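There are 2 protein chains.
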Amino acid sequence: MQEKSFVLKGDVCCSKDPKTLAFQKDGFLVCLRGLSAGVFAELPARYRALPCRDYSGRLILPGLTDLHVHAPQYGYRGLGMDLELLEWLDTRTFPAEARYGDPEYGEKAYRDFVEDVKRGPNTRVCVFATVHVPATLKLMDLLEASGLKAFVGKVNMDRNCPDGLREKDAASSLAATLEWLEKCRGRYQNVRPILTPRFIPSCTDRLLEGLGRIQREYGLPVQSHLSENLEEIAWVKKLCPDAAFYGEAYRRHGLFGGAAKTVMAHCVYSGEEEIRLMKEQGVYVAHCPMSNTNLSSGIAPVRRYLEEGLALGLGSDVAGGYATSIFRAMADAIQVSKLRWRLSDQSLKALTLPEAFYLGTIGGGSFFGKTGSFDQGNELDALVVDDRPFNGGQELTIPERLERVIYLSGDQHIEKKFVAGRALW
Amino acid sequence: MQEKSFVLKGDVCCSKDPKTLAFQKDGFLVCLRGLSAGVFAELPARYRALPCRDYSGRLILPGLTDLHVHAPQYGYRGLGMDLELLEWLDTRTFPAEARYGDPEYGEKAYRDFVEDVKRGPNTRVCVFATVHVPATLKLMDLLEASGLKAFVGKVNMDRNCPDGLREKDAASSLAATLEWLEKCRGRYQNVRPILTPRFIPSCTDRLLEGLGRIQREYGLPVQSHLSENLEEIAWVKKLCPDAAFYGEAYRRHGLFGGAAKTVMAHCVYSGEEEIRLMKEQGVYVAHCPMSNTNLSSGIAPVRRYLEEGLALGLGSDVAGGYATSIFRAMADAIQVSKLRWRLSDQSLKALTLPEAFYLGTIGGGSFFGKTGSFDQGNELDALVVDDRPFNGGQELTIPERLERVIYLSGDQHIEKKFVAGRALW
Chain L
1 MQEKSFVLKG
11 DVCCSKDPKT
21 LAFQKDGFLV
31 CLRGLSAGVF
41 AELPARYRAL
51 PCRDYSGRLI
61 LPGLTDLHVH
71 APQYGYRGLG
81 MDLELLEWLD
91 TRTFPAEARY
101 GDPEYGEKAY
111 RDFVEDVKRG
121 PNTRVCVFAT
131 VHVPATLKLM
141 DLLEASGLKA
151 FVGKVNMDRN
161 CPDGLREKDA
171 ASSLAATLEW
181 LEKCRGRYQN
191 VRPILTPRFI
201 PSCTDRLLEG
211 LGRIQREYGL
221 PVQSHLSENL
231 EEIAWVKKLC
241 PDAAFYGEAY
251 RRHGLFGGAA
261 KTVMAHCVYS
271 GEEEIRLMKE
281 QGVYVAHCPM
291 SNTNLSSGIA
301 PVRRYLEEGL
311 ALGLGSDVAG
321 GYATSIFRAM
331 ADAIQVSKLR
341 WRLSDQSLKA
351 LTLPEAFYLG
361 TIGGGSFFGK
371 TGSFDQGNEL
381 DALVVDDRPF
391 NGGQELTIPE
401 RLERVIYLSG
411 DQHIEKKFVA
421 GRALW
Chain Y
1 MQEKSFVLKG
11 DVCCSKDPKT
21 LAFQKDGFLV
31 CLRGLSAGVF
41 AELPARYRAL
51 PCRDYSGRLI
61 LPGLTDLHVH
71 APQYGYRGLG
81 MDLELLEWLD
91 TRTFPAEARY
101 GDPEYGEKAY
111 RDFVEDVKRG
121 PNTRVCVFAT
131 VHVPATLKLM
141 DLLEASGLKA
151 FVGKVNMDRN
161 CPDGLREKDA
171 ASSLAATLEW
181 LEKCRGRYQN
191 VRPILTPRFI
201 PSCTDRLLEG
211 LGRIQREYGL
221 PVQSHLSENL
231 EEIAWVKKLC
241 PDAAFYGEAY
251 RRHGLFGGAA
261 KTVMAHCVYS
271 GEEEIRLMKE
281 QGVYVAHCPM
291 SNTNLSSGIA
301 PVRRYLEEGL
311 ALGLGSDVAG
321 GYATSIFRAM
331 ADAIQVSKLR
341 WRLSDQSLKA
351 LTLPEAFYLG
361 TIGGGSFFGK
371 TGSFDQGNEL
381 DALVVDDRPF
391 NGGQELTIPE
401 RLERVIYLSG
411 DQHIEKKFVA
421 GRALW
């Protein structure tokens, strides 16, 4: 089905706000030229001429957004999980990423990543590539062809990483970035570049300053890491003694929200000042519960961020996380919030199912614009999920079925997937 | 393949002890009349006449043991996960279990549970049924036919649960237990009965005393719950003011190890005295990380239990947990141990991959006798896992491949499964 105007019939469910699910049994979801025209209990006469796909008995849900994922780490997900962040970067990440200097290797490896995401529930992804321009363009080509929507970043790093991976200096990193941006120009419909300084320890001030200039010139968004791990934070403090807190080290170069739309992964240990600045600047938090668990980083105070009204979504952070699915990230976000409540801070209640669903749909989706729910005018990303195999004929409400999809479904239960009104398969 | 003497060729891996993996690339695992004759780099001449199945390139692992699972809760796994233990029992568990008064319903529902376990990586399970004798026998019949090995318990509960589920009094609960045991006699090869007082709050002293008598008369094993949740523990204290700690309330009726082989689920909050008594009495701990997370119970100090040398295995605790696979329980056990270390107690290091694998194989398997590894003379439970789909041609060591199986594999990757030398499919 390549037409972008059609009707889907089924049991439709999406978030209204973090506390509220909207759902319609045997509803009609109308797509007009890739945008949602809304959900209806009866199909309005004006839409009756549109092709209608009958998915009665299945759930129709919004596509999910992965706000933080490392494509080159996909190949070694689920390996070396007994390590903490800095040791894991040295042992696993950097040697693996160095191989992407060979664009042919990169294409082959990135193909596996893109195929996985295409089969799964995510429709939009915010992706780190590596420092290498040719392989990054291969990744973007593959994502473009997949029909997924993506922000993709060529990574910048000019210090504190192995020779085979470190860019020679700030100037050559910036030159490679400009070359990459030139090559992106006019090349993609679904994929957009995003500036990607890896994290403060791997970027000199000169590099960050230059990226700030490029940001202003090109009006690009920014992604990076923030306050993930205690050792990392101590290191940043040493590297930037004049920055009052970690986020400040980005902000002073214009890489922390405001005009530069920004998403920062983790924020496990953001303090009061950092939270205030993120709020002021509209910085998105990509909460990555599985990665923060696997790398023993800790548990981010997501309830606090929700209460503050921070922009907030979920990230798989493969390969800190071992699964790409944002359904899994929803389940994990709930689980770790329960443990945080029980073990360390009873002032912040656990996340609820509707809240986690909101974060994985509208929360992260809004980084891409109007998407993540079926509100009229939104770009229509939808999943048709056949939850009958694990419901065994039980009579369940739509919210109950949603809960089971989040906890129990696998990619094999996704019957059909649409991104901005286009069927991916 | 119904013959019980054969050879499996492939990449064999099992635990030697909690710290050590034993593995053999292109090895030969020999099964003689259901027992392991060992693993060999070259096939000894004396076994060359046996039928040999070539699983080159796949991993051959021991079957896993689920030390704690509620079969009647399988149908609502992944539902109501926003509740804590006592509320969840009232809202979800008791109404669901009441339906097993109808043996036909029970047979249908139990069939789904048994099919799931049969397809997955577990070969041995310690199962709670409900109070109902006919449905419990149906479950045992289904498990017997599946080829899985199981301990199954008709549950006892004569207080603090809804009318439809509560047994009238201690005498009738004991009479039903004896009736059930009589009906089990001579009926099963793979399945054995286990005494199953639900937990202290639902059993009067008279009932526990009677179960202690039955235990001594029949020499049966025992399973129950222990020190799972703070409210539950406070309740037990109120109900048994003269018991110094929770475990003591079982012990004084002869239901806590010693001659009564016992497994207690959870032990999240076991104190010094309770730990000492468990050790003295050889009581098994069934560590259920996913359930303890979902029900906001907390995180058990498993490293401590390992160091003390307690008997210890893993449980899915479906439906406090939503997944039956003990591979998942291994991953969860590692993850929660990392969070426990990070958030509340840096004196207990996180579990390692070999330790988690040990717990899910030898640790729990030993409750069933000699099984859980390929040591000579052990009952041979084996899984053939095809990990090629997620390794994408990478050259990995066997321990690395094992790590990825634990984190990434699903039931679809299990190519073949043997229990005590018998192929299940």
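Going down the list, the sequences are from chains L and Y.
Under the numbering used here, the first residue of the first sequence is numbered 1, with each subsequent residue one higher.
Under the numbering used here, the first residue of the second sequence is numbered 1, with each subsequent residue one higher.
Positions of the beta carbon are idealized from the N, C-alpha and C atoms, including for glycine.
The structure displayed is predicted, hence computed values, not measured ones.
Query	Result
The segment 287-306 of chain Y: positions lying closer than 7 Å to chain L by Cβ	THR293, ASN294, SER296, GLY298, ILE299
Cut-off 8 Å between Cβ atoms - residues of its own chain near L:VAL405, not counting five sequence neighbours on either side	LEU59, LEU61, PHE327, VAL385, ASP387, HIS413
CB contact below 9 Å: Y:PHE418 versus chain L	no
Any chain Y beta carbon closer than 9 Å to L:THR352	yes
Partners in chain L for Y:ARG404, counting only beta-carbon separations shorter than 7 Å	GLY78, LEU79
Contact set for Y:ILE334: own chain, Cβ-Cβ below 6 Å, skip 5 residues either direction	LEU351, ALA356
Neighbouring residues, chain Y, relative to L:LEU83 (Cβ below 7 Å)	Neighbours of L:LEU83 on chain Y: none; closest Cβ ~11 Å, over 7 Å.
CA nearest to the CA of L:LYS19, picked from L:ARG303, L:LEU424, L:GLN376	L:ARG303
Assigned exposure category for L:MET1 - 16 Cβ within 10 Å defines buried	At L:MET1 the pLDDT is 43, less than 50, meaning the model places this residue with poor confidence and gives no usable figure here.
As assigned by DSSP and simplified to three states, the class of Y:MET1	Interpretation of Y:MET1 is limited by its pLDDT of 43, a score under 50 that renders its predicted location unreliable; the figure taken from the coordinates is listed afterwards. Coil.
Y:ILE299 versus Y:GLU274: straight-line alpha-carbon distance, rounded	17 Å
8 Å Cβ cut-off: residues of chain Y touching L:SER344	LEU343, SER344
Buried or exposed (CB count within 10 angstroms, at least 16 for buried), L:LYS338	buried
Integer-rounded CB distance, given that Y:VAL69 should sit under 8 Å from Y:THR324	7 Å
Runs of alpha helix (DSSP H) wholly within the segment 350-405 of chain Y (minimum 4 residues, chain order)	353-358, 388-391
Interface partners of L:GLY315 on chain Y, CB under 9 Å	The contacting residues do not exist; L:GLY315 stays about 17 Å from chain Y at best.
Same chain, Cβ closer than 6 Å to L:THR93, five either side skipped, listed in chain order	none
Anticipated Cβ contact below 8 Å, L:PRO162 with L:ALA98, distance rounded	7 Å
Cβ of Y:GLN73 within 9 Å of any chain L Cβ	no
Interface flag, Y:TYR322 vs chain L, CB-CB below 9 Å	yes
Y:GLY106 versus Y:LEU139 - alpha carbon distance	8 Å
Residue burial classification, Y:ASP317 (beta-carbon count within 10 angstroms, cutoff 16)	buried
Short Cβ contact (9 Å threshold) for Y:PRO301 with Y:ARG340	yes
Contact set for Y:ASN229: own chain, Cβ-Cβ below 6 Å, skip 5 residues either direction	LEU85, SER297
Nearest residue (CA-CA) to L:LEU408, options L:GLY392, L:THR91, L:ALA259, L:VAL419	L:GLY392
Proximal residues of chain L, C-beta to C-beta of Y:ILE326 below 7 Å	Under the 7 Å cutoff, chain L gives no residues; its nearest Cβ is about 16 Å from Y:ILE326.
Any chain Y beta carbon closer than 9 Å to L:GLU400	yes
Cutoff 7 Å; reference L:GLY254; Cβ partners in own chain excluding five residues on either side	GLY212, GLN215, ARG216, ALA260
7 Å CB neighbourhood of Y:ALA41 in its chain, flanking five on each side removed	GLN24, GLY27
Minimum Cβ-Cβ distance from L:VAL385 to chain Y less than 9 Å	no
The segment 366-375 of chain Y touching the segment 114-121 of chain L, judged by at least three CB pairs closer than 8 Å	no
L:PHE390 at chain Y interface by Cβ criterion, 9 Å	yes
Residue from Y:GLY10, Y:GLY210, Y:CYS14 with nearest C-alpha to Y:ARG252	Y:GLY210
Amino acids of chain Y, ordered along the chain, whose beta-carbon sits closer than 8 Å to that of L:ASP112	GLY392
Touching by the beta-carbon criterion (3+ pairs, under 8 Å), the segment 168-188 of chain Y and the segment 140-154 of chain Y	yes
Any chain L beta carbon closer than 9 Å to Y:MET1	Only weak support exists for where Y:MET1 lies, its pLDDT of 43 falling under 50; the coordinates are left without a value.
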